[in-house]
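**Q**
Chains as they are written, first to last, in UniProt numbering: chain A, 1 to 296; chain B, 1 to 296; chain C, 1 to 296; chain D, 1 to 296.
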């Protein structure tokens with residue numbers, strides 16, 4: 001069993017850390033929120049006095065932070081960079097969703113100091129974090145990936161090796177941009193059908209079995225009542241918030257700009273989520289974007 | 001076994017008629033092209049001297065024509081409308097892909113005369129027409145649908161009852177608009193990944209198993225070499241032409257305008273196919289739209 | 001002075017007919033609404049008993065109708081086509097805004113019968129119709145244009161000869177599509193500036209004098225209070241309704257589809273007006289589309 | 001006459017510095033390129049040995065750098081930050097086009113140290129820089145603006161006070177985003193007209209005098225031959241490069257993301273420039289985007 005320093009115990013990080021605890025690892029957990037730490041301690045984790053305390057002596061460091069500047073500041077450029085404290089034998093697994101350029105830059109800085117830092121953002125939401133069924137998209141060398149895999153297996157179900165450093169963030173940005181396109185496209189096809197008198201359940205079934213088939217129709221139908229147990233049938237509560245999708249689309253725009261990649265459909269989807277968010281819907285599940293289309 | 005008048009023996013209509021012949025029906029086939037008729041006759045069909053000859057005495061009439069004006073002219077408003085000749089006991093199955101408004105208008109005109117006309121456009125391409133595995137999206141009453149089903153089963157695999165008159169055309173317009181969105185979205189996600197160094201096969205696999213999963217990734221990958229037996233691995237020959245997708249998106253625009261449905265993503269996809277078509281790619285498979293994104 | 005049959009006395013047609021009356025012409029006016037006819041009669045026009053009565057013996061026929069099907073039905077394909085009654089010496093000036101294909105088709109049908117039909121849609125709104133300051137975009141031969149000019153001069157200020165038959169409709173579709181782009185673009189630039197703390201009047205002035213200068217900034221600022229006497233400073237009442245812009249963008253889509261012209265920006269603008277219209281804003285002036293952008 | 005430290009003597013900065021020299025100011029010029037410095041020295045400027053040398057003892061510092069990271073590094077966070085050397089009585093005028101957030105951050109850091117830093121990006125291109133007719137969009141206090149104005153007047157013609165710190169960058173991002181929309185919109189309206197047989201010069205004239213009027217039609221027509229002396233009539237050489245427009249649209253996307261402003265039209269325009277750039281057109285004038293639309 002390994003000693004794991006875990007930093008960032010929010011909605012996602014908390015349950016991920018707890019799954020590591022349950023698997024028998026020695027988890028030294030840190031968060032700025034005492035309440036978040038208490039939850040992990042209640043499951044058998046150890047409260048670290050600080051981020052520095054969490055990583056000292058750890059075999060693995062797992063971080064789950066809001067944005068690239070936090071990751072860079074914490075490990076590399078802040079007043080007390082953790083890179084000064086982490087063992088050369090340890091593996092740092094950053095599961096934050098951040099821009100690929102920062103992930104690559106921090107990983108390169110680690111390598112220069114003989115440290116090992118990989119990007120491993122997740123998808124699957126809070127539900128997946130709790131159930132330990134997250135998907136991880138990992139940017140790492142083969143060796144790093146092999147070392148990380150047993151730890152990631154505890155927290156997730158599908159562990160993808162996307163490529164070298166940064167590739168995890170790139171794969172996630174591509175996937176989530178595509179997801180935003182599938183969801184808006186599905187909403188507008190269903191809305192047009194409904195405005196012309198079709199039953200959304202019937203139309204959903206037809207498209208699902210035809211060339212319109214996609215993840216949204218399969219497991220996340222945006223029309224209330226068509227599918228049970230999805231956010232649309234629960235007033236668009238829970239799920240994946242519009243604000244988070246908007247953040248991810250911002251990362252996709254950054255990636256497209258840096259690489260001069262054309263993203264007309266992703267840009268169009270971002271515009272729709274932005275218009276939807278402007279009307280006060282940032283806290284709703286992202287499938288609520290169908291409301292933007294509907295007549296008032 | 002039924003007597004079936006079949007009008008329009010093109011790339012789609014020809015093999016559909018032949019499947020009816022092979023099932024033992026008495027098919028009276030007509031097309032302006034003698035060669036097209038010869039092909040059906042060679043399989044055991046009967047050549048009709050005219051459209052009028054084809055429908056006279058038929059239990060079913062199946063039509064497969066290019067556009068709404070042809071359907072309306074042939075049956076209702078032309079110089080020798082077939083409605084004057086078709087039996088009140090017959091069922092007219094129009095499998096053309098046309099605008100819903102015309103389908104509804106022709107069907108209503110039929111009903112006024114005591115005739116029965118349903119819309120049943122198909123998807124599945126030439127391959128599906130030959131193999132008898134087309135999907136039919138049917139706009140009809142329950143009674144009409146029940147009567148049509150055994151005939152459609154001969155030519156297709158999935159027979160969907162989309163709703164009342166026009167619903168087949170509406171469902172197809174919705175599905176194909178969504179398809180255009182899935183394909184362009186998939187192309188741009190893959191292109192951005194590749195421009196940032198990811199292997200398209202790896203990225204495809206990740207997204208297919210994640211929330212980016214969709215028909216294009218499952219069975220029609222647009223990147224050459226990722227998947228065997230698809231148009232992208234055959235220089236974008238065969239498959240579903242850009243010109244046909246552009247036609248279908250025009251029908252979707254018509255439907256959106258008539259019903260004041262917002263279709264920002266479908267419109268964006270149409271713009272991309274239009275830009276791609278302008279560079280002389282109308283005859284390629286529609287997954288070739290990935291070339292629009294790629295660096296030259 | 002000429003004898004002019006005038007058909008269609010709505011918000012635009014009424015004042016146009018009255019200006020012809022005031023200029024001394026013998027105007028035989030017809031509309032399905034008796035009230036509309038009364039208004040013209042009160043100014044010295046003559047009430048025609050029917051459209052047929054209005055055109056019989058006229059030197060000029062001016063029509064102002066809602067859509068292509070009305071123009072085609074009235075003149076060419078209806079039960080009592082006016083082409084049967086109009087003199088070969090007369091000039092038919094259709095000022096309706098309709099699709100170019102119908103305009104060209106009706107004009108060709110007229111020419112086959114030795115009649116002369118031109119398209120001359122207008123811009124300038126109800127205010128321009130009343131003041132006689134409309135712009136006319138004319139599709140006609142040089143000879144037809146020369147003959148129409150004195151009549152159009154009575155109703156308008158800028159009389160443009162856009163080209164041959166249909167060119168007036170084409171020019172109007174191009175212009176109004178561009179207008180929709182200017183307006184939405186101006187709204188979103190101003191909104192982004194305001195959200196970042198800029199004064200809309202200051203930003204408007206800067207862009208007006210810079211490379212962002214355009215008609216909307218010059219005479220139709222969409223932000224309330226920046227400019228006096230425009231719809232934005234009057235609760236978006238009056239002006240050019242969202243519903244009419246949406247109709248014109250539908251015509252632009254038709255034209256783009258028929259000619260396989262790529263219109264990504266026009267399509268994007270249409271999507272925005274469509275989303276705005278869906279929330280019950282069809283009756284507001286089109287500059288109200290800025291509300292779609294604004295936080296709620 | 002003032003002592004002015006000028007850093008960054010590229011295509012824009014060089015002629016701007018020379019205009020300050022010609023006006024009699026003592027210009028201490030620095031650039032990493034010796035050739036760039038030689039050009040300014042040949043006009044009577046003084047070569048500084050380093051950026052530090054250029055700003056020491058200066059009454060004004062003017063900087064013209066590629067991106068926010070250069071500005072931030074040079075003045076504030078680099079190894080030898082110029083803020084350590086600049087007089088508290090001096091005014092720092094940054095004319096670089098950078099993101100507003102960085103401009104505000106650097107200005108705030110300056111203020112904390114008792115220094116005065118304003119943003120004053122320009123428009124008008126190399127021609128305007130040489131002729132001294134640039135437009136400056138200035139983010140500054142009233143006092144700072146008053147102090148900067150006489151210096152800016154030497155290099156420019158229209159000096160706009162956009163607002164407080166950052167407002168110059170914000171105004172420029174808004175204006176250039178709107179410009180990208182006007183240009184693409186104008187290209188597509190003209191292309192659709194031409195594909196339908198209209199003469200581009202005639203259509204340009206009609207729209208210029210109608211509600212489609214905008215800067216592109218007035219002074220920068222994208223169709224070769226319509227207007228003399230513009231890039232379109234010179235094989236799209238010179239002018240404002242696609243690569244620069246793409247950079248500016250990236251800044252607009254950043255600004256929209258930070259402020260959660262919806263920019264559907266700006267995003268659509270960015271997509272078009274991106275597609276155009278991907279085909280090797282980054283070095284052409286931005287009006288060449290009309291080639292993206294045209295049939296091949």
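For every residue, glycine included, the Cβ atom is placed at its ideal position computed from N, Cα and C.
Does any residue of chain B bring its CB to less than 9 Å from the CB of residue 185 of chain C?
**A** False, the Cβ-Cβ gap to chain B never drops below 9 Å.
**Q** For residue 131 of chain B, which option in B/285, B/57, B/156 and B/253 has the closest C-alpha, if you only look at C-alpha atoms?
**A** The option with the nearest alpha carbon to residue 131 of chain B is B/156.
**Q** With respect to the beta strand (DSSP E) encompassing residue 157 of chain A, which residues constitute its N-terminal and C-terminal limits?
**A** 156-163 is the span of the beta strand (DSSP E), which, as asked, contains residue 157 of chain A.
**Q** Along the segment 133-157 of chain A, where does the CB come closer than 9 Å to a CB of chain D? Name the residues.
**A** So nothing in the stretch comes that close.
**Q** Is there a C-beta anywhere in chain C that falls below 9 Å from the one on residue 273 of chain D?
**A** No, its Cβ sits nowhere closer than 9 Å to a Cβ of chain C.
**Q** Name the chain C residues that come within less than 9 Å of residue 114 of chain B, Cβ to Cβ?
**A** Residues of chain C passing the Cβ test: none, with the nearest at roughly 24 Å.
**Q** Given that a residue counts as buried once 16 or more other Cβ atoms are within 10 Å of its Cβ, and exposed if not, what is residue 138 of chain B?
**A** Buried.
**Q** Chain B beta carbons: is any one of them nearer than 9 Å to that of residue 268 of chain C?
**A** It does: the Cβ of residue 268 of chain C has a partner Cβ on chain B nearer than 9 Å.
**Q** Compare the C-alpha of residue 234 of chain C against each of C/222, C/245 and C/244 and name the closest.
**A** Comparing Cα positions, the closest option is C/222.
**Q** Tell me residue 241 of chain A's beta-bridge partners as DSSP assigns them.
**A** BP columns for residue 241 of chain A point to A/285.
**Q** So residue 5 of chain C is in the beta strand (DSSP E); what residue range does that whole segment cover?
**A** Its beta strand (DSSP E) spans residues 3-7.
**Q** What does DSSP give as the partner residue(s) for residue 117 of chain C in the beta ladder?
**A** DSSP output for residue 117 of chain C lists C/92 as bridge partner(s).
**Q** Residues in its own chain within less than 6 Å of residue 110 of chain B by CB, not counting five upstream and five downstream?
**A** Within the same chain, residue 110 of chain B has close Cβ partners 117.
**Q** Can you pull the chain A neighbours of residue 285 of chain B, defined as C-beta to C-beta under 9 Å?
**A** Per Cβ cutoff of 9 Å: no residues; residue 285 of chain B is ~13 Å from chain A at best.
**Q** Hey, is the segment 41-48 of chain B in contact with the segment 63-80 of chain B, meaning 3+ C-beta pairs nearer than 8 Å?
**A** Short answer: they don't touch.
**Q** Going by alpha carbons, who is nearest to residue 119 of chain C out of C/163, C/278 and C/17?
**A** Among C/163, C/278 and C/17, the Cα nearest to that of residue 119 of chain C belongs to C/163.
**Q** Indicate the three-state DSSP secondary structure (helix, strand or coil) for residue 132 of chain C in the structure shown.
**A** DSSP places residue 132 of chain C in coil when its eight states are reduced to three.
**Q** Give the interface partners of residue 65 of chain C over in chain D, defined as CB-CB distance under 9 Å, in chain order.
**A** Correct list: empty, because the minimum Cβ distance to chain D is about 22 Å.
**Q** In chain A, what lies closer than 7 Å to residue 279 of chain C by C-beta?
**A** Near residue 279 of chain C (Cβ distances below 7 Å), the residues of chain A are 296.
**Q** Listing by chain order, which chain D residues have their CB less than 7 Å from the CB of residue 262 of chain A?
**A** Correct list: 271, 274, 275 and 278.
**Q** Let me know the secondary structure DSSP gives residue 189 of chain B once reduced to three states.
**A** The answer is helix: DSSP assigns residue 189 of chain B an H, G or I state.
**Q** Do the segment 142-150 of chain A and the segment 175-186 of chain A touch if we need at least three Cβ pairs shorter than 8 Å?
**A** The segment 142-150 of chain A, when compared against the segment 175-186 of chain A, does not touch it at the 8 Å Cβ threshold.
**Q** In three-state DSSP terms, what is residue 14 of chain B?
**A** Here residue 14 of chain B sits in helix by DSSP.
**Q** So, at 6 Å on beta carbons, what are the nonlocal neighbours of residue 277 of chain D in its own chain, with the 5 sequence-adjacent residues on each side left out?
**A** For residue 277 of chain D, where only same-chain residues beyond five positions count, the Cβ hits under 6 Å are 242 and 246.
**Q** Distance check for residue 192 of chain C and residue 251 of chain D, CA to CA, integer angstroms please.
**A** If I take the Cα positions, the gap works out to 12 Å.
**Q** In whole angstroms, what separates the C-alpha of residue 153 of chain B from that of residue 134 of chain B?
**A** In a straight line, the C-alpha of residue 153 of chain B is about 9 Å away from that of residue 134 of chain B.
**Q** Ignore the nearest five residues each way along the sequence and tell me which others in residue 224 of chain A's own chain have a CB closer than 7 Å to its CB.
**A** If we look at residue 224 of chain A and ignore the five residues flanking it on each side, its Cβ neighbours are 232 and 233.
**Q** Would you mind sorting residue 237 of chain B into buried or exposed? The rule is 16 or more other CB atoms within 10 Å of its CB.
**A** Per the 10 Å Cβ criterion, exposed.
**Q** Under the three-state reduction of DSSP, which class applies to residue 260 of chain B: helix, strand or coil?
**A** Reduced to three states, the DSSP call for residue 260 of chain B is coil.
**Q** Just the chain D side, please: which residues come within less than 8 Å of residue 236 of chain B by C-beta, in chain order?
**A** Going along chain D, no residue has its Cβ under 8 Å from residue 236 of chain B, so there is no contact; the nearest lies around 16 Å.
**Q** Would you list, in chain order, the members of the segment 240-252 of chain D that have their beta-carbon closer than 8 Å to a beta-carbon of chain C?
**A** Listed in sequence order: 252.
**Q** Excluding the 5 residues preceding and the 5 following residue 55 of chain D in the sequence, name in chain order all residues of the same chain whose CB lies nearer than 6 Å to its CB.
**A** Cβ within range, chain order: 5, 61, 82, 85 and 86.
**Q** Going by alpha carbons, who is nearest to residue 280 of chain A out of D/267, D/260, D/279 and D/265?
**A** Nearest C-alpha to residue 280 of chain A: D/260.
**Q** Please work out which residues of its chain come closer than 6 Å, Cβ to Cβ, to residue 27 of chain A, disregarding the five sequence neighbours upstream and downstream, and give them in chain order.
**A** Answer for residue 27 of chain A: 4, 6, 17, 20, 21 and 45, listed in chain order.
**Q** Residue 160 of chain D touches chain C at which residues, Cβ-Cβ below 7 Å?
**A** Within chain C, the residues near residue 160 of chain D are 206.
**Q** I'd like to know whether the C-beta atoms of residue 268 of chain C and residue 264 of chain B end up nearer to each other than 9 Å.
**A** Yes, the pair counts as a contact, with Cβ atoms nearer than the cut-off.
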